[in-house]
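Colleague:
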Amino acid sequence: MDRMACVDVFELPLQILLDRAPQWRGLPVVVVDEDRPQGVVLWSNAAARALEVRPGMRYASALSLSRELRASVVPLAAVGAVVAKLARALRRFTPNVEPSVDEPGVFWLDASGLGRLFPTLDAWAAEVIAGLGAEGFEATAAVGFTRFGSYAAAKGLGRQERVVFERPEDEREAAGRVPLHRLALPARARERLDRLGVRTVAELVALPPSGVRKRYGAEVHALQQLARGDLFDPLVPVHEEVPARARVDLELPDSDPHRLLFRIKRLLDTVVPIVAERLAVIAELRLRLVLDGGAGPPSEQRHRLRPAASTLDTALLLDLVRLRLEAVDLTAGVVEVHLSARQIPATADQLRLFALAPRRDQGAAERALARIRAELGDGAVGVFTLRDGHLPKARAAFVPLERLPTPSPRPAPGEGESPRSLVRRLLPRPVPLPAAPRSLRNDGWRPRDPQQGAIVAVDGPFVVSGGWWGRAEVHREYAFARTLRGDILWIFYDRKRRRWYEQGRVE
């Protein structure tokens with residue numbers, strides 16, 4: 001059975017603030033959104049909570065409760081940098097790490113398949129807490145079976161504590177005992193639930209779901225669904241970004257700008273696809289040339305090349321490099337070339353310019369297919385037809401094609417005729433999709449083709465499982481995803497690989 005762990009670096013913004021101002025330890029401390037009287041308290045430590053200083057209060061109101069109160073702003077950029085740093089630290093213990101997008105300091109980890117590396121899951125959890133302690137942060141860890149169960153259990157622990165559940169029932173019981181004030185619920189909804197006597201997760205689960213949504217909002221209703229196990233919410237790991245950079249070492253010093261330009265073009269052909277895959281564009285190229293020092297140490301030149309507008313145009317970028325190489329002194333000879341790119345997100349207009357409508361040439365297509373048959377054999381060109389099979393990819397057979405049919409639109413159905421059928425067009429191989437966000441928004445989950453727009457709705461999952469009797473076990477959860485442009489994609493979540501893939505599209 002798959003195991004999932006939750007690590008809670010509790011009150012992360014407060015820990016960041018106290019790390020910067022250690023003289024405030026032991027005093028009531030809060031993190032505010034603005035350093036002014038009307039600022040809102042976002043986080044409060046135990047000493048502040050003992051004085052009834054709660055998140056959601058105005059800074060002026062909180063200050064009236066204690067003259068000893070200390071407050072400061074922790075920028076979102078600083079919190080994001082620490083979250084990225086902690087995610088890198090956690091990847092030393094498991095490759096699949098998902099930071100929470102809603103609650104900084106909460107991480108979900110894949111705890112499956114670690115038996116050969118650690119004697120027990122408890123020992124693994126202890127190593128995780130110790131590793132975060134070495135980074136200067138206190139955390140709790142709960143190893144369970146579900147996203148919400150492990151999250152609630154981690155929230156219910158004390159400082160530096162850990163727990164490992166052996167059965168799903170134990171995880172569910174422990175999560176049910178966790179007080180609601182430990183969870184990330186809206187303060188107003190939590191107060192209204194408290195007046196009703198609903199103070200634990202188990203008491204929230206016992207409420208009618210329809211009434212919860214109507215009275216307390218979608219956020220509380222979603223939390224209740226997670227606690228009840230009604231929502232499909234698998235681990236969505238965020239993998240570490242590959243830097244957009246490349247390098248080449250030259251066997252002999254080279255001072256010729258034209259030869260160096262060809263080498264830099266190869267590096268640029270490596271860097272540009274990395275940036276394009278992230279739906280970004282290059283705002284600046286950074287070129288570092290290491291020059292031969294002869295008997296002495298080598299010297300280096302650093303160059304920053306900025307296009308007039310951010311772009312992915314290799315020819316334009318290469319022209320800037322050419323102009324720079326022709327203007328610098330390379331007499332000593334270059335022995336190393338390092339190229340990196342500073343990227344920024346692509347705008348909507350830039351994404352629309354990524355593709356052009358192709359022209360169709362029937363004769364050229366026939367000639368191309370004839371050349372393929374001549375080189376690879378008559379069976380190299382064909383079409384797929386339907387056949388019986390269990391898995392979707394096994395329901396098609398390859399039939400050789402003698403002549404390419406002339407494409408023509410289907411006539412519209414007349415009165416009394418059945419409407420045209422939808423067709424699923426399969427890709428040659430499933431293509432990995434970016435990780436899905438916790439909630440779908442117009443600027444959220446992006447498909448493979450940026451022109452399709454964000455994924456706005458998902459219908460599914462439809463589970464297909466097979467091969468369990470042999471060595472090639474398959475468990476996929478298929479779904480239909482509708483994009484902002486109106487495309488319908490056929491996607492699936494592969495539990496073995498823990499990733500979403502695009503299998504094809506519906507037309």
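Going by this note's numbering, the first residue of the sequence shown is number 1, and it counts up by one from there. All C-beta atoms in this analysis are idealised placements derived from N, C-alpha and C, irrespective of residue type, glycine included.
Which ranges would you report for the beta strand (DSSP E) in the segment 281-310 if only whole runs of at least 3 residues count?
Modeller: Counting whole runs of 3 or more residues, the segment 281-310 contains the beta strand (DSSP E) stretches 299-305.
Colleague: Flag D19 as yes when its Cβ comes closer than 7 Å to any non-hydrogen atom of the ligand MG, and as no otherwise.
Modeller: Ligands are entirely absent from the displayed structure, and the ligand MG is therefore not among its contents.
Colleague: Hey, could you find the ends of the alpha helix (DSSP H) R367 is sitting in?
Modeller: 362-376
Colleague: With a Cβ-Cβ cutoff of 8 Å, do V41 and V30 count as a contact?
Modeller: yes
Colleague: Along the alpha helix (DSSP H) that carries V212, what are the first and last residues, could you check?
Modeller: 209-216
Colleague: Is it true that the CB of L157 sits closer than 8 Å to the CB of V164?
Modeller: At a Cβ-Cβ threshold of 8 Å, V164 and L157 do not count as neighbours.
Colleague: Go ahead and pull the three-state DSSP assignment for L42.
Modeller: strand
Colleague: Counting Cβ pairs closer than 8 Å, one from the segment 243-262 and one from the segment 303-323, do we hit at least three?
Modeller: Short answer: they touch.
Colleague: Leaving out the 5 sequence neighbours to the left and right, which residues in its chain are closer than 8 Å to V334 when beta-carbon positions are compared?
Modeller: The beta carbon of V334 lies closer than 8 Å to those of L250, P253, D254, S255, L260, L289, V290, L291, D292 in the same chain, with the five residues before and after it left out.
Colleague: For A5, list the residues DSSP reports as bridge partners.
Modeller: L109, V143
Colleague: To the nearest angstrom, report how far apart N442 and R373 are at their CA atoms.
Modeller: Because N442 sits at a pLDDT of 43, beneath the cut-off of 50, its placement in the model cannot be relied upon, and the point is left open.
Colleague: With DSSP run on the structure shown, which of helix, strand or coil describes T483?
Modeller: strand
Colleague: Would you check if the distance between the CB atom of R446 and the CB atom of A435 is smaller than 8 Å?
Modeller: For R446 and A435, no; Cβs fall outside 8 Å.
Colleague: So, do the segment 126-142 and the segment 69-77 have three or more beta carbon pairs nearer to each other than 8 Å?
Modeller: No contact exists between the segment 126-142 and the segment 69-77.
Colleague: Decide if P209 is buried, meaning its Cβ has at least 16 other Cβ atoms within 10 Å, or exposed.
Modeller: exposed
Colleague: Taking all protein chains shown into account, decide if S150 is buried (16 or more other Cβ within 10 angstroms of its Cβ) or exposed.
Modeller: buried
Colleague: Is the segment 236-248 in contact with the segment 336-344, if contact means three or more CB pairs nearer than 8 Å?
Modeller: yes
Colleague: Leaving aside the five residues before and after L404 along the sequence, list all residues of the same chain whose C-beta is less than 8 Å from its C-beta, in chain order.
Modeller: Around L404: Q362, A365, E366, L369.
Colleague: Grouping DSSP H, G and I as helix and E and B as strand, with all else coil, what is W517?
Modeller: An answer regarding residue 517 cannot be provided, because it is not within the stretch 1 to 507 covered by the chain.
Colleague: If we count the other Cβ atoms within 10 Å of its Cβ and call it buried at 16 or more, is A60 buried or exposed?
Modeller: exposed
Colleague: Give me the Cα-Cα distance between P168 and A175, rounded to the nearest whole angstrom.
Modeller: 11 Å
Colleague: Going by beta carbon distance, what residues of the same chain come within less than 8 Å of E11, once the five residues before and after it are set aside?
Modeller: Answer for E11: W43, N45, G105, listed in chain order.
Colleague: Count the other CB atoms within 10 Å of the CB of S465; is the residue buried (16 or more) or exposed (fewer)?
Modeller: S465 is exposed by the Cβ-count criterion.
Colleague: Under a three-way DSSP split, which group does R441 fall into?
Modeller: Residue placement at R441 is flagged as unreliable, the pLDDT there being 48, under the threshold of 50; the coordinate-derived value follows with that caveat. If DSSP states are grouped into helix, strand and coil, R441 belongs with coil.
Colleague: Between which two residues does the beta strand (DSSP E) harbouring G382 extend?
Modeller: 382-386
Colleague: So Q343 is in the beta strand (DSSP E); what residue range does that whole segment cover?
Modeller: 334-345
Colleague: Would you call A397 buried or exposed, if buried means 16 or more other Cβ atoms sit within 10 Å of its Cβ?
Modeller: exposed
Colleague: Is K155 buried or exposed, if buried means 16 or more other CB atoms sit within 10 Å of its CB?
Modeller: buried
Colleague: Measuring only the C-alpha atoms, how far is A295 from V337?
Modeller: 20 Å
Colleague: Looking only at its own chain, which residues have a Cβ that is under 7 Å from the Cβ of R92, when we skip the five neighbours before and after it?
Modeller: G131
Colleague: Quick one: grab the DSSP three-state call for V321.
Modeller: helix
Colleague: Could you please give me the residues that DSSP links to L489 through a beta bridge?
Modeller: A481, R505
Colleague: Determine the contact status of P234 and V97, defining contact as a CB-CB distance below 8 Å.
Modeller: no
Colleague: Go ahead and pull the three-state DSSP assignment for A357.
Modeller: Here the model assigns A357 a pLDDT of 37, short of 50, so the residue's position is not dependable, and the following value carries that caveat. Three-state DSSP puts A357 in coil, outside helix and strand.
Colleague: Quick check: what's the CA-CA separation for L223 versus V201?
Modeller: Straight-line Cα distance between these residues: approximately 9 Å.
Colleague: From E173 to R228, what does the alpha carbon distance come to, in whole angstroms?
Modeller: 12 Å
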